Every structure is written in structure tokens, then in C-alpha cells.
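Residue numbers (this note's numbering), protein chains in the order written: chain A, 190 to 302; chain B, 44 to 161. Even glycine gets a Cβ: it sits at the ideal position worked out from N, Cα and C. These figures come from a predicted structure and were not determined experimentally. Heads up, the thing below is written out as C-alpha cells.
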Amino acid sequence: AQSVTQLDSQVPVFEEAPVELRCNYSSSVSVYLFWYVQYPNQGLQLLLKYLSGSTLVKGINGFEAEFNKSQTSFHLRKPSVHISDTAEYFCAVSEGDGNKLVFGAGTILRVKS
Amino acid sequence: GAVVSQHPSWVICKSGTSVKIECRSLDFQATTMFWYRQFPKQSLMLMATSNEGSKATYEQGVEKDKFLINHASLTLSTLTVTSAHPEDSSFYICSATPNSAGGAYEQYFGPGTRLTVT
Chain A
190 AQSVTQLDSQ VPVFEEAPVE LRCNYSSSVS VYLFWYVQYP NQGLQLLLKY LSGSTLVKGI
250 NGFEAEFNKS QTSFHLRKPS VHISDTAEYF CAVSEGDGNK LVFGAGTILR VKS
Chain B
44 GAVVSQHPSW VICKSGTSVK IECRSLDFQA TTMFWYRQFP KQSLMLMATS NEGSKATYEQ
104 GVEKDKFLIN HASLTLSTLT VTSAHPEDSS FYICSATPNS AGGAYEQYFG PGTRLTVT
């Protein structure tokens, strides 16, 4: 069975500093990987996804993530964060046809001025 | 494009009553819709997967008689919480997958419905 671990429940960071949100997964088969962002009282918005090909994936709002198969990781990074990036970020994985998503517990990114 | 709406955005109901939540894909046809539940400060838990015109597939531990799902058309799925109790209070989120061949890996999420049972 799949599982997703987001190691940090909260990450405080100053504005314009770089940030990395960590995500590790476990699966016995090939997977598809996703990062979603959730602003307060809103649904989820897709930031980026890895299906195949290049392991470095670029998404919206300046975010990128790198798929590392040997370490079963898919960490999310941004070189310079803004106050508006304050939100909760979810890593998710799916197998097979990519329909069912399993989510991590989420990481709250707090950007301070 | 790829907008999913939910109605209502929030609802308060009394214990023992039933509540219906609608999920609509506004600008695409959705082969599959998903219903998730999110408790405060926790992640999304998949409740069920619904395909248009067929019975929903429920995840282990989810009572299908309590959480009735109807996917009557390619743009509408409904979740009815029957005989609601305070422990059913939660944030319910739906998502939809487009019909297009490349869309199997895209889930577009609705804004969620906050249910409070008093």
C-alpha cells in the first residue's frame, strides 16, 4: 500500500528566503507524484506533478520539485518565497492509472516579513 | 478552465437530519469524481470514487449507507450525509477528473463544503 510522509508539519521562513518542503513516499510500483497547495477555507490547487521523464519538475508560482527514485522522495522547493506563499502544502502519490490519490499530512508554510 | 464548484460552501444542520452536497464540473465533463473528508489540521482522506452512471466505490471504513453518493451526469455528483451526527462535522472536498485521455492524472478540486452538525 502507498503512503506519503511529510516530515515537517510547519515550516517558518522569512520572506525572500529559500524553502524546501520534504516529502517521502512508499510504494511497491511506479508512482505519479503531486504537490497541491491549500489556502485557508479553500480547495486544493495543483502546483506541479511528476508522471515520467525529467525528474526536475517546474510548477506554478515559482515552485519546483525533484523526483528521486532511490530515496523515494519528491521534495518541493522555491528559491525565494513571498508572504502570499503562506498556505498548507500537500504531497500526494498515486499508482497505476493515477486516479486514486493518497495524501501526506500536509506542511504549513508560514512566511514572515 | 477546469473549474469545480461545490454547493453549499458551508452548512449547519441538526443532529439526525440529512444534508446534500453538490459537486459540479463547470467547464468539462468528468468521468470520475472523488469525495474527500478533511478533519481540522489533518490531511484529506478519500471517502469514495464515483463514476457516472454506476455505483460509487467506497474506501474501507466508510459507511455507504450513511454517505450516499450519486453521480447522475458527467458534470454532477452529490454526497448526502444521512442522519448526521456531530462526529460527521468536517470539511468535505470533491474533485473531478476530465474525460480526456491525458486527464487521468489530473484531479481538479472544488473549494470544499464545511459541515457542522449541532
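The straight-line gap separating the alpha-carbon atoms of Leu-233(A) and Ile-249(A) is approximately 13 Å. Secondary structure of Ser-273(A) (DSSP, three-state): helix. DSSP links Lys-63(B) through a beta bridge to Thr-123(B).
Residue contact with chain A for Ser-48(B): absent (no Cβ-Cβ distance below 7 Å to any residue of chain A).
The beta carbon of Gln-260(A) is closer than 8 Å to those of Asn-213 in its chain, skipping five residues each way along the sequence.
Inclusion of Tyr-135(B) and Thr-156(B) in the CB contact set at 7 Å is warranted, their separation being smaller than that value. Between Leu-233(A) and chain B, the shortest Cβ-Cβ separation is below 7 Å.
Contact annotation: Leu-222(A) and Tyr-239(A) have beta-carbon atoms nearer than 7 Å. When Ser-68(B), Gly-59(B), Leu-122(B) and Glu-65(B) are compared, the shortest CA-CA separation from Thr-100(B) is found for Leu-122(B). Annotation: Cβ neighbours of Gly-293(A) in chain B (cutoff 9 Å, chain order): Ser-86. The beta-carbon of Gly-104(B) is placed no less than 7 Å from the nearest beta-carbon of chain A. The beta carbon of Pro-154(B) sits closer than 7 Å to some beta carbon of chain A.
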